[in-house]
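Going by the working numbering, the sequence shown opens with residue 14, and the numbers climb by one from there.
Note sheet for the following structure.
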Amino acid sequence: MQNFRAKEHTAMASTPDAGFDDLLATVAVARLVLGPGMRIQAPPNLVSRQECLALIGPVSTTGAVSHR
Numbered sequence: 014m015q016n017f018r019a020k021e022h023t024a025m026a027s028t029p030d031a032g033f034d035d036l037l038a039t040v041a042v043a044r045l046v047l048g049p050g051m052r053i054q055a056p057p058n059l060v061s062r063q064e065c066l067a068l069i070g071p072v073s074t075t076g077a078v079s080h081r
């Protein structure tokens, strides 16, 4: 899962970016709905280091780490 970021020249360019709270809530609901057997990934390079730490519990893996 990754947080929404609006891109220029797209249909949703004027839509505000989703906040970290939205991403964390989405991951938490996915964990509840999909259960502990489903792998949930969240890319760590799209959030701050502190936000990445908050995701460690509900996600299965943070995927490949790249430097920001």
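All C-beta atoms in this analysis are idealised placements derived from N, C-alpha and C, irrespective of residue type, glycine included.
What is the C-beta distance between residue i and residue j, in whole angstroms, given that I count them as a contact (C-beta under 8 angstroms)?
| i | j | result |
| --- | --- | --- |
| Ala-19 | Asp-30 | 6 angstroms |
Could you check the C-alpha separation between residue i and residue j for me, to the nearest Å?
| i | j | result |
| --- | --- | --- |
| Arg-44 | Thr-23 | 30 angstroms |
| Phe-17 | Gly-50 | 25 angstroms |
| Met-25 | Gly-48 | 31 angstroms |
| Gln-54 | Thr-28 | 24 angstroms |
Within its chain, find whatever has a CB closer than 8 angstroms to the CB of residue i; leave out the 5 residues flanking it on each side and keep chain order.
| i | result |
| --- | --- |
| Arg-81 | The predicted model places Arg-81 with a pLDDT of 46, which falls under 50 and marks its position as unreliable; any figure quoted below should be read in that light. Same-chain partners within the cutoff: Asn-58. |
Report buried or exposed for residue i, applying the criterion of at least 16 other Cβ atoms within 10 angstroms of its Cβ.
| i | result |
| --- | --- |
| Leu-68 | buried |
| Ser-79 | Note on Ser-79: pLDDT 47, under 50, position unreliable in the model; the coordinate value appears next. Exposed is the call here. |
Cα-Cα, which of the options is closest to residue i?
| i | options | result |
| --- | --- | --- |
| Val-60 | Arg-52, Ala-41, Leu-37, Val-46 | Leu-37 |
Only counting the same chain, and skipping five residues up and downstream in sequence, which positions put a Cβ closer than 7 angstroms to that of residue i?
| i | result |
| --- | --- |
| Thr-39 | Met-14 |
| Glu-64 | Phe-33 |
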